[in-house]
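Protein chains in written order, with the numbering used here: chain A, 1 to 369; chain B, 1001 to 1380.
Don't be surprised by glycine CBs; every beta carbon is placed ideally from N, CA and C.
The next block holds one structure in the form of structure tokens; read it before the comments.
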Amino acid sequence: MSLMRIKAIAGKEWIQIRRDRLSLAMAFLLPVMLLIIYAYAITFDVNNILMAVYDQDKSSKSRELIAAFTESGYFTGVADAASYKEIDRYIDSEKAWVALVIPFDFSKRLRTGKPVSVQVILDGSNSNTAMIAQGYVAAVAERFNRRQSKGTARPVIDLQSRVWYNPELKSRNYVIPGLIALIMSVIVSVLTSLTIAREWDRGTMEQLIATPVRPVELVIGKLIPYILIGFADTVLCVFVSSVLLGVPLRGSIVLLFFASLIFLVGGLSFGVLVSTGTGNQLLASQVGMLTSFLPSFLLSGFIFSISNMPVPLRVITYAVPARYFVSILKGVSLKGIGLRYLAPEMALLSLYAAVAFFLACKKIRKRIE
Amino acid sequence: MFERWKYLTIKEFIQTFRERRRRNLLILAPLIQLFLFGYVATLDVDNVPTALLDLDKSQESREFARRLEACGYFTITRWPSSAGELGQYLDRGDVLAAIQIDRGFSKDIKKGSPAPLQLLMDGTDSNSAQIAMGHIAEIVRRLSRDLSAQPSLRKGADWSAQPSLRKGADFRTRVWYNPDLRSRNFFLPGVIALIILLTCLMTTSMAIVREREVGTMEQLMVTPIRPAELVLAKMFPSAVIGVGQMALVTAAGVFWFHVPIKGALSFLFVCTGVYLLPVLGIGLFISTISRTQQQAMMASFFFFQPTVLLSGFATPIENMPLAFQYVTYLSPLRYFLVIVRGIFLKGVGLEVLWPQVLALLVLGAAIIFLSAVRFKKRLE
């Protein structure tokens, strides 16, 4: 292995990257754009539930019930419906997710202590929102009933809930740390899956082969500039998320950067492997998307929790490096835990990087010869 | 003109489908995406790993544990013996919920004073945490009710069979369109829209840029082919792929995942055709700003992400800040999602969905027009 040859390859690659202003700009704009969109637009918090009310009673009690909903802060845009048909229309056109039907004898029955039922209709097509809305409806109902019984009912069991790590249950704190793994995967798969394929496409691979450069040197040389870009992206992401977006970073930043570096080496090596294997850019880009972006998005526990997956998929997640990286990112940022708990993840991440690097070198050697 | 366009289209088809690996990928990629989304993309909360520290070891505390497991949302995986151990499990991520029942739990219940039940939730996954906490609150509510209904009830009675004594109004919830609240029914129709978008963006933009990068664009330009014919010929295979993948994914979704499709299938095809207009238009636009395939791919991704994120694919638009809500009007996916979900889950047709169809037509016409102008300029 010669340092000089590695330097030469890295230098050549660097020049090529630098000339491609558009790609370089996108490599830095993409993370910022994703962070901002995810931070502001992707929220699983449900607090503007559109509601329609069909109030047949129109009494002070029924208005009190409606007020109980609006005062909770979760239900907004209460629309008046005058018939069941109108409720249909509201829900069909997504102008209401929840509909409340208050029967005409609501206040009378309530006064006389007879059982009375209020109908709640939920649009279940967005199951998650519906599930959370259902919880809010139950809470409002509970409060309304307690107020009706003038607080005489004492709870038998007093549930004291505390939430750790993310006490306000802000979905931003959940999404953003893991997002860094996703961004890295995108950058890595988009950038490197094409780097070798491009040489084949343009016919410059033969020229490279004709030089005395060895496969290992070629891989390292190709990786260095991308590692630099990827690492700069990591620093950028961490800066934006913790300084601008206020996402907590409770653990060691050094550990975070170190893990990112290992993840980058693994991901980039894998990209080189794909790029060598496919040998043309369109195919390489699609395979790269399918094998790095998609698993990182879906099988890493970034948004969808792994414990919910069926067993075969749960087994597959162990082969997804982003899984370990996401655990590390979330553990370090939110829980503030260190190597004591995260050592297995670090070890597996390193193992993956080593294997990917080794395979990339081997594959290139085979293709060259 | 039709003759030239025909031959060019044939050439494009040959080029697109020539390679075996690529052909396989065109079928495999959407299926892989569908299966991953189908099995993974669930925000349903079940099997929450839970640790239970029961210091009371009374009939009441055991009843709570039994109900916790019986409801199906929680699995008690750890039985720690101290509060410190409980915290460790949370730290390590072994469990997401940790419950502690202190000594005196059953005594408090019998005395009639509120018996404390401590719940520690890992809030890292805010969404699951919120839903899981709702489930636990419901269990506690029911248990409280049953215990207060029959406080003297002691020996081996069946708790759950007790009649409820409730005051006030009874809220009866009904869920429309997706009664089991399966998030798969919510996500899978959206995945169709997603797959079409991703494939069509990349194939259109890269197909055009490829000619430029490989240098065959000059050869095409010296032939009498007009730009419009070239663009149409380039778009045609992408459109065919888009519709084909839609059919494939719909079939797999309906037959494998049993996603209900209540509306008209023919209407779905028509709407897919309309949806392809803005998508292909964006693909064409990307080809005008990229010189290399790498750039085209990055740019595709650059457009793909906000289009998906700002469309209501996973999270409702109404929850976004107002500024972002306005941006969503530019995303063709926003309209198409309403259409596919309407067709699949609600079974509605043009009478409800016409604003979305119209919006797609207008958006598509505008994008194609702008891109075509840019494309022509770049050729000259």
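- Exposed is the label assigned to residue 1258 of chain B, since fewer than 16 other Cβ atoms lie within 10 Å of its Cβ.
- Judged by DSSP secondary structure, residue 1300 of chain B falls within the alpha helix (DSSP H) whose first and last residues are 1293-1309.
- The beta carbon of residue 1036 of chain B falls within 8 Å of a beta carbon belonging to chain A, placing the residue at that interface.
- In the three-state reduction of the DSSP assignment, residue 75 of chain A falls in the strand class, which pools E and B.
- Of all residues in the stretch 328-352 of chain A, those with a C-beta nearer than 8 Å to a C-beta of chain B are 330, 331, 334, 335, 337, 341, reading in chain order.
- Pairwise C-beta distances place the stretch 1241-1252 of chain B in contact with the stretch 1268-1275 of chain B, as three or more of them are shorter than 8 Å.
- Within the same chain, and ignoring the five residues on either side of residue 1263 of chain B in sequence, the residues whose Cβ sits closer than 8 Å to its Cβ are 1342, 1343, 1344, 1346, 1347, 1348, 1349.
- Counting the other CB atoms within 10 Å of its CB gives residue 166 of chain A a total of 16 or more, which places it among the buried residues.
- Residue A:44 holds the alpha-carbon nearest to the alpha-carbon of residue 1125 of chain B among A:44, A:125, A:366.
- Of all residues in the stretch 1304-1321 of chain B, only 1305, 1306, 1309, 1310, 1314, 1315, 1316, 1318, 1319, 1320, 1321 place a beta-carbon less than 8 Å from a beta-carbon of chain A.
- Contact with chain B is absent for residue 240 of chain A, since none of that chain's Cβ atoms lies less than 8 Å from the residue's Cβ.
- Taking a C-beta cut-off of 8 Å against chain A, the contacting residues of the stretch 1291-1302 of chain B are 1291, 1292, 1293, 1294, 1295, 1297, 1298, 1299, 1301, 1302, listed in chain order.
- Only 281, 282, 283, 285 from the stretch 253-285 of chain A bring a Cβ to less than 7 Å from some Cβ of chain B.
- When only Cα atoms are considered, residue 188 of chain A and residue 1100 of chain B end up about 44 Å apart.
- Around the C-beta of residue 1210 of chain B, 16 or more other C-beta atoms lie within 10 Å, and the residue is accordingly described as buried.
- Listed in chain order, the non-local C-beta contacts of residue 1287 of chain B below 6 Å within the same chain comprise 1205, 1208, 1209, local neighbours out to five positions each way being set aside.
- Interface criterion not met: the Cβ of residue 1257 of chain B is under 8 Å from no Cβ in chain A.
- Nearest neighbour of residue 320 of chain A by Cα position, chosen from A:307, A:147, A:208, A:294, turns out to be A:294.
- With the criterion set as a beta carbon lying under 9 Å from some beta carbon of chain A, the members of the stretch 1202-1218 of chain B are 1202, 1203, 1206, 1207, 1210, 1213, 1214, in sequence order.
- For residue 309 of chain A, the three-state secondary structure derived from DSSP is coil.
- Here residue 1139 of chain B is not near residue 1119 of chain B, since their CB atoms are 8 Å or more apart.
- Residue contact check for residue 1049 of chain B against chain A: a CB pair falls below 8 Å.
- In this chain, residue 41 of chain A is not harboured by any beta strand (DSSP E), its DSSP state being neither H nor E.
- For residue 54 of chain A, the beta-bridge partners assigned by DSSP are A:101.
- Residue 325 of chain A sits away from residue 299 of chain A, with the two beta carbons spaced by 8 Å or more.
- For residue 1054 of chain B, no CB of chain A lies under 8 Å from its own CB, so it is not counted at the interface with that chain.
- When secondary structure is reduced to three states using DSSP, residue 1099 of chain B falls in the strand class.
- Residues 1281, 1284, 1285, 1288 of the same chain have their beta carbon placed closer than 7 Å to that of residue 1371 of chain B, with the five preceding and five following residues left out of the count.
- What residue 1186 of chain B touches in chain A, judged by beta-carbon distance under 7 Å, is 125, 126, 127, going in chain order.
- Distances from the alpha-carbon of residue 113 of chain A to those of A:148, A:124, A:99, A:98 put A:148 closest.
- In the structure shown, the three-state DSSP call for residue 125 of chain A is coil.
- Contact note: residue 209 of chain A does not reach chain B at a C-beta cutoff of 7 Å; the least C-beta distance is about 21 Å.
- Across the set A:190, A:230, A:61, A:278, the C-alpha of A:190 shows the shortest separation from the C-alpha of residue 1296 of chain B.
- Using a CB distance cut-off of 8 Å, residue 1130 of chain B counts as an interface residue toward chain A.
- Contact between residue 1045 of chain B and residue 1132 of chain B is confirmed by a C-beta separation of about 5 Å, below the 8 Å threshold.
- Along the stretch 171-187 of chain A, going in chain order, the ones with a CB nearer than 8 Å to a CB of chain B are 171, 173, 174, 186.
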